[in-house]
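The block underneath contains the structure these notes are about, expressed in structure tokens.
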Amino acid sequence: MDILSAKGEKDYDRIIEAGACMRPEECSSKSEAHAIGKAYEKKGAFGQCLEWYMRSYELGGSDEELGMIAGVCLACGKYDELRSFLDNGNADPDGYYYRAARYELALRTGGSAEEQIQALKNFIDVQYEESYMLRLTALYLEQGSDKAAGKLCKKIMRLYIDTDGALYAKDLADAIKAGEGLAFVREKAWLKDKVFKHISFDLSAKPMEDIRIGRAAVSTEKPMNADRVTVSEEKPKTEGGEGRKLPLFGKKSADKTAKKDKISPIVEKSMKNVVGMGELKTALNDIVNVLQTEKKRAGTEAIILNNIKILGPDGCGKTTAAYAACRTLNALGISAFDEPVVTDYDSLLTDDNEELHSRIQELFDNAMGGCLLIENIHEFDDENGHGVGSKILDQIYSAIKSANGGVTLIITGREKETEDLLLKKPKIAALFNLRTVVLGKYSTDDLMVITDRLAESKSLVINDAAKLVLRKKLENMASQPDFTYSKDLERILTEAYVSMSNRLSKKRRAAGDDYYVITEEDINSGESAETVEELLDKLKAMTGLASVKESVQTVVNQVKVNKMRAEQGIAAASNGTLHMVFTGNAGTGKTTVARIIGKIYRRLGVLPKGHFVECTRKDLISSIYGKTAQQVSEKVKEAMGGILFIDEAYSLCRDDNDTYGKEAIETLLTEMENHRDSIMVIIAGYGPEMDKFLDKNQGLRSRMSNTINFEDYTADEMVSIFKSMVSAQKFMLDVGTDKDIRDVIEARASKKDFGNARGVRNVLDDVIKQQANRLADGQEHSRNDFLIIKKEDIAALKSSRDSGGDECKTADDYVRELEELTGLGSVKAQVRALVASAKVNQRLAQLNRKTQGFGTLHMVFKGNAGTGKTTVARIIGNIYHSLGALSKGQLVECNRSNLVAGYVGQTAARTREKVEEALGGVLFIDEAYSLAQGGENDFGREAINELVAQVENHRNDLCVIIAGYSKDMDEFLATNQGLSSRFTNEIVFEDYTPAEMLEILKKTAAADGNCFEDGIDGLLTELLAQKSAAADFGNARGVRNVAGALKSKKDMRAIEYLDSHQITDMAETERLLTTITAEDVMALMNER
């Protein structure tokens, strides 16, 4: 006989009959032991019940099961058995029921007040529980600790709202304040106890068997210490006698129709403290009506399942609704418990199938006879329908069928995602034939009540003036698609509380009540106090930007006039599209102006929030198929009600092969259309690039008719900006500095990456550094000396190479750096030739002669490992930067693994990302030939094709250097005509000669603070010849390895000698520690 099957049917007689053939210690199944214990408990056989519960606990018990054992012992007065069980060390001393049992033992066995207080405090450390907290207040009062009791009452009032306990705590707090707390608890003792609720019958009553009603087992037994509503089993009295069948069809009376719309008192009671949620009340009322119908159809199979589906957006109260549903099902007798067993995707996620089966089995064991709540079920959805989430749902479905109606399933989730999931899982969908509960339709009145209750839970009160402002704010917010209900309400209260705290900190004397009252000022705290006029004045005060200011003023005038039309009862003309295009170079104020526009539109009521969300390509585009649309939608949601500012928007879709970029633009267009009145999208970037971008994307151009062009600042404007920045940082300029400021700014602005105002800010930073260098002379200085920027601080930037770091080095400086490298004679000659050609082109350009610019910057480096290719590449990047050929000059190293992916389409995206990272500098691809060594179907060819396209697209601000062994690189270039035609500059790196390797060895040792003893050059050359004979020696890299090995030999020899000899001469000690000798060289040569 299947015990678990009988458990699902709540057939306790069959369970006891099956368990009678074995002793508890012979049972090896935790679930079966638990089921047998529950059956004996139901029949009132406490001794056997206890034995089986303890066996179940031995087989892997939880704190919940410990509670069941404790509940039986306490109900039957088996205090010694319970104490022995708790003392044996098997139970978790930090568990909820363990600590509760310790207190109950102390209470029932005459423990001292101090012992009871400590036990209750231990319990409350683990879990707040209303009844136990109230008991602790009474004990505090008995001990004379009125202050502690009062504080605890306030905590109860914050934690619980409108419960009997909270109301009792409020009355008790008032009594304590009046000095009558002890008298109050003695007169009106708190007696309710809901901790141990596992015993499901009254010990004073004779146990009764369950009565079957369709699929739901409804017990007539009254649970211990619980106020539960049971469903009457009295059969309807009919005119024709008890067995008369009711007609299936017939005309309903008006009275019955009226009753159908009336919400059951059971539902009303269960949802007493729940705001709104009419959909849930209706669904639960359906269950009540169905249950009554099935009682009258006794003996027929149930048609309606009691499982409930609760959907809605985040923060709308789905979990609250699920708990309310469980309370109703408990009151109806469908669920044995008034709270569900809860799980979600993260709790069940595991790669181990056995572990997953065990977790689900434990869930259903704990939920048997009650409700199982699966939160956010949409998270189980897999893109392909065959992933981990799908497998978990399959096992849950099997467990539900095995439970045979013994578990009521409640699921919550987002509406669309959940319905999409259920389309893929029709078996799960079939479990729900009650109406779907869709939440989120709260009225403003509902939201006000919820906010009031949230405030009350924090011991705060919102005054009437603040409520008027709050109502308007909630009306505005609730109309937005990104409104998150309780999360937004929580945020509003948190911001108001911070504002209240700041406001009160400025008061010299605040009344006690002030610390509990939220005012109108506090509700408005998070918003800018600036008016539209003040914001426009701020824009006007910005240097330059005349056309920008005019364009913004025109837009503002249009909105204002439309509002005036509406006030006169005239139909307003359309404000047109909110979206804009900002064109212009870096540092021209695009971001600052966008922020001001957001605030202006917020004040005009065009945008409800006006906040600013900035992003670029990397924030919107994923290299994983299907994820780009999700990322774009999430960023739009973040900016909802405000401005989404997309900088360098042209990078979103670089060419027709950029599938991810196209996906991003298509998703953006859809979102802009769907939310055209709720969000403003501003796309920004350099003028020519933005024009080309919009020409290719007519859908964007048609939605963005407002274009504002930000012109570069003039020299006069940049000098003015510099002076404003100086004042803002509390500095002053010395007289006679204007010319020097202009000279420095004009010199730096000649470089194309200067960045307008951003570049001016960098100039000021360098000037302040120069001032610091001047004042750090050891002399005493007055306060004014630290505030005044002098002429010499600015003039120093025109001559000093050190003030700006590498930025002030010239091409000749970097050539000298190259010359200092050992060897590389032919390399140095070729680099000198490149520099000379670049300089000639610069001079011709200064004479207004036509030139080819810098020509192709791309190069091929051929040579063995360790010949200095990376070092030279870094120097070339700096040279080209100093000559103005590259805007940054940085070096980005990569190889095949950084460019080639394992899936179609990902390689091109990776290659583009790496090129984007290197723009303005050098992209150095080591062992580049490996890109073509994977065969016809290898993704390396995709990387090569993408690289050729990118080299062509960015030929004016990118130097790509492909490097590798000479023979392999020749074969590589021969495979792709596009590569060989674009990489015409070739530098060959020869292997180092013995003499050059010896020089490198000595430099490497000196860099580590070591030297060689005299007369061993020949021995070192012999050592290098021996080691370099290995195929993988690696030139300079191998020499550095030899230097490291010699240092290790020296260190071991020196320490061994110093440990065995008493050396007092410091010079001799230093010589031993830093000198590599012939003995060390020979020791390394003798190693094989």
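Read in order, the letters of the sequence shown correspond to residues 10 to 1097 in the numbering used here.
Every residue gets a Cβ at the ideal spot worked out from N, C-alpha and C, and that includes glycine.
Predicted model, so just to flag it, every value in this text is computed and none were measured.
Margin query: Could you tell me the alpha carbon to alpha carbon distance between G834 and T1086, rounded to whole angstroms?
Written below: Position 825 of the sequence shown, counting from 1, holds the residue named residue 834. Position 1077 of the sequence shown, counting from 1, holds the residue named residue 1086. Straight across, the Cα-Cα distance linking G834 with T1086 is about 31 Å.
Note to self: Between L709 and L678, how many whole angstroms is the CB-CB distance? I'm expecting something under 8 Å.
What the structure shows: Here residue 709 is taken as the residue at index 700 of the sequence shown, counted from 1. Here residue 678 is taken as the residue at index 669 of the sequence shown, counted from 1. Yes, L709 and L678 are in contact; Cβ-Cβ is about 7 Å, under 8 Å.
Next item on the list: Could you tell me the boundaries of the beta strand (DSSP E) in which G694 lies?
Entry: Taking the first residue of the sequence shown as position 1, residue 694 is located at position 685. That run of the beta strand (DSSP E) goes M689 to G694.
Next item on the list: Answer with buried or exposed for M978, where buried requires no fewer than 16 other C-beta atoms within 10 angstroms of its C-beta.
Entry: In the sequence shown, residue 978 corresponds to position 969, counting from 1. Counting Cβ neighbours within 10 Å, M978 comes out buried, since at least 16 surround it.
Check: In whole angstroms, what is the alpha-carbon distance linking N771 and G745?
Finding: Reading the sequence shown from its first residue, position 762 is the one you call residue 771. Reading the sequence shown from its first residue, position 736 is the one you call residue 745. So the two alpha carbons sit approximately 21 Å from each other.
Note to self: At the level of alpha carbons, what is the spacing between G28 and C380?
What the structure shows: Taking the first residue of the sequence shown as 1, we reach residue 28 at position 19. Taking the first residue of the sequence shown as 1, we reach residue 380 at position 371. Approximately 26 Å between the Cα atoms of the pair.
Next item on the list: Check E196 in the structure and name its three-state DSSP category.
Entry: Position 187 of the sequence shown, counting from 1, holds the residue named residue 196. Looking at E196 - three-state DSSP - the assignment turns out to be helix.
Margin query: Can you give me the C-alpha to C-alpha distance between Y823 and V969, rounded to a whole angstrom?
Written below: Stepping through the sequence shown from its first residue, residue 823 is reached at position 814. Stepping through the sequence shown from its first residue, residue 969 is reached at position 960. When rounded, the separation of the alpha-carbon atoms in Y823 and V969 is 19 Å.
Check: When you compare only the Cα positions, how much space is there between R712 and R685?
Finding: For the purposes of this step, residue 712 is taken as residue 703 along the sequence shown, with counting starting at 1. For the purposes of this step, residue 685 is taken as residue 676 along the sequence shown, with counting starting at 1. Distance between the alpha carbons of R712 and R685: 10 Å.
Note to self: Mapping the DSSP letters down to three states, classify L1 as helix, strand or coil.
What the structure shows: Because the chain in this structure spans residues 10 to 1097, residue 1 falls outside the shown range and cannot be described.
Next item on the list: Mind checking which residues open and close the alpha helix (DSSP H) that includes K871?
Entry: Mapped onto the sequence shown, residue 871 falls at position 862. That residue, K871, is in no alpha helix (DSSP H); its beta strand (DSSP E) goes M868 to G872.
Margin query: Suppose contacts are defined by Cβ-Cβ distances below 7 Å. Is V960 in contact with L1032 by that definition?
Written below: Along the sequence shown, read from residue 1 onward, the residue named residue 960 stands at position 951. Along the sequence shown, read from residue 1 onward, the residue named residue 1032 stands at position 1023. No, they are not a contact pair.
Notebook entry, point to check: Do the CB positions of I401 and L357 come within less than 7 Å of each other?
Noted result: Numbered from its first residue, the sequence shown carries residue 401 at position 392. Numbered from its first residue, the sequence shown carries residue 357 at position 348. Contact flag set, yes.
Notebook entry, point to check: Is it the case that the Cβ atoms of F933 and A882 are separated by a distance below 7 Å?
Noted result: Sequence index remark: in the sequence shown, residue 933 carries index 924 (1-based). Sequence index remark: in the sequence shown, residue 882 carries index 873 (1-based). In contact: F933 and A882 (Cβ atoms closer than 7 Å).
Notebook entry, point to check: Can you list, in chain order, the residues of its chain whose CB lies under 6 Å from that of G259, leaving out five sequence neighbours each side?
Noted result: Mapped onto the sequence shown, residue 259 falls at position 250. Its pLDDT being 32, under 50, G259 is placed unreliably in this model, and the value from its coordinates should be taken loosely. No residues qualify anywhere along the chain.
Notebook entry, point to check: Who does A972 pair with in a DSSP beta bridge?
Noted result: For the purposes of this step, residue 972 is taken as residue 963 along the sequence shown, with counting starting at 1. F870.
Check: Tell me which same chain residues have a C-beta within less than 7 Å of the C-beta of K558, skipping the five on either side of it?
Finding: Within the sequence shown, the letter at position 549 stands for residue 558. Taken in chain order, the residues that qualify are L548 and K549.
Checklist line | Extent of the continuous alpha helix (DSSP H) to which T602 belongs | finding: Here residue 602 is taken as the residue at index 593 of the sequence shown, counted from 1. The residue you asked about is not Thr; residue 602 is Val in the sequence shown. Bounds of the alpha helix (DSSP H) holding V602 are K599 to L613.
Notebook entry, point to check: For E543, which of V568, I609 and M589 has the nearest alpha-carbon?
Noted result: To locate residue 543, count along the sequence shown from 1; it is residue 534. Closest option to E543, Cα to Cα, is I609.
Next item on the list: State the CB to CB distance for the pair V844 and A820, rounded to an integer number of angstroms; the pair is presumed to be in contact (CB under 8 Å).
Entry: Counted from its first residue, the sequence shown places residue 844 at position 835. Counted from its first residue, the sequence shown places residue 820 at position 811. V844 to A820, Cβ: 5 Å. Contact.
Next item on the list: Under 8 Å by Cβ, that's how I've got D1000 and T876 pegged, so tell me the actual separation to the nearest angstrom.
Entry: Residue mapping note: residue 1000 aligns to position 991 of the sequence shown, counting from 1. Residue mapping note: residue 876 aligns to position 867 of the sequence shown, counting from 1. With a Cβ gap of about 7 Å, D1000 and T876 count as contacting.
Next item on the list: Tell me whether K599 is buried or exposed, calling it buried when 16 or more other Cβ atoms sit within 10 Å of its Cβ.
Entry: Residue numbering aside, residue 599 sits at position 590 when the sequence shown is read from its first letter. Per the 10 Å Cβ criterion, buried.
Check: What's the gap between the Cα of G1018 and the Cα of R767?
Finding: Residue mapping note: residue 1018 aligns to position 1009 of the sequence shown, counting from 1. Residue mapping note: residue 767 aligns to position 758 of the sequence shown, counting from 1. Near 43 Å, if we compare the C-alpha coordinates of R767 and G1018.
Check: Which whole-angstrom value is the C-beta distance of F740 and T592, which I expect to be below 8 Å?
Finding: The residue given as residue 740 occupies position 731 in the sequence shown. The residue given as residue 592 occupies position 583 in the sequence shown. With 8 Å as the limit, F740 and T592 do not qualify as a contact, their Cβ atoms being about 34 Å apart.
Note to self: When you compare the CB positions of I12 and I25, do they come within less than 7 Å of one another, or not?
What the structure shows: As a working mapping, residue 12 is identified with position 3 in the sequence shown. As a working mapping, residue 25 is identified with position 16 in the sequence shown. No, the pair does not count as a contact, with Cβ atoms beyond the cut-off.
Checklist line | For L1007 and L1029, believed in contact at Cβ under 8 Å, the rounded distance | finding: The sequence position of residue 1029 within the sequence shown is 1020, counting from 1. The sequence position of residue 1007 within the sequence shown is 998, counting from 1. Right, their Cβ atoms sit about 6 Å apart.
Margin query: Assuming M589 is part of the beta strand (DSSP E), what are its boundary residues?
Written below: Locating residue 589 in the sequence shown gives position 580, where the first residue counts as 1. Start and end: M589 to G593.
Check: Taking the C-alpha atoms as reference points, what is the distance between L129 and L143?
Finding: Looking up residue 129 in the sequence shown gives position 120. Looking up residue 143 in the sequence shown gives position 134. Going by the C-alpha atoms only, they are around 10 Å apart.
Check: Do G159 and I185 have their C-beta atoms within less than 7 Å of each other?
Finding: As a working note, residue 159 is residue 150 in the sequence shown. As a working note, residue 185 is residue 176 in the sequence shown. Yes, these two residues count as a Cβ contact at 7 Å.
Notebook entry, point to check: CB-CB under 8 Å to F731, same chain, minus the five flanking residues each way: which ones, in chain order?
Noted result: Sequence index remark: in the sequence shown, residue 731 carries index 722 (1-based). The answer, listed in chain order, is I750, I754, V769, V772 and L773.
Checklist line | Residues near C903 by beta carbon distance below 8 Å, same chain, minus five either side | finding: Here residue 903 refers to the residue found at position 894 when the sequence shown is read from its first residue. Excluding five sequence positions before and after C903, the CB atoms of its chain that fall closer than 8 Å to its own CB belong to K923, L932, F933, I934 and D935, given in chain order.
Check: By Cβ distance below 6 Å, which residues in the same chain neighbour V507 in space, the five residues on each side in sequence not counted?
Finding: Reading the sequence shown from its first residue, position 498 is the one you call residue 507. The answer is none, since no qualifying residue turns up.
Next item on the list: Indicate the three-state DSSP secondary structure (helix, strand or coil) for V284 in the structure shown.
Entry: Start at 1 with the first residue of the sequence shown, and residue 284 comes out as number 275. Coil.
Next item on the list: For E384, count neighbouring Cβ atoms within 10 angstroms of its own Cβ and tell me buried if that reaches 16, exposed if not.
Entry: Translated into positions along the sequence shown, residue 384 becomes position 375. Under this definition E384 is a buried residue.
Check: Grouping DSSP H, G and I as helix and E and B as strand, with all else coil, what is V447?
Finding: Counted from its first residue, the sequence shown places residue 447 at position 438. DSSP places V447 in strand when its eight states are reduced to three.
Notebook entry, point to check: If L463 and L498 are in contact, beta carbons under 8 Å, what's the gap, nearest whole angstrom?
Noted result: Start at 1 with the first residue of the sequence shown, and residue 463 comes out as number 454. Start at 1 with the first residue of the sequence shown, and residue 498 comes out as number 489. Cβ atoms of L463 and L498 come within 8 Å of each other, at about 6 Å.
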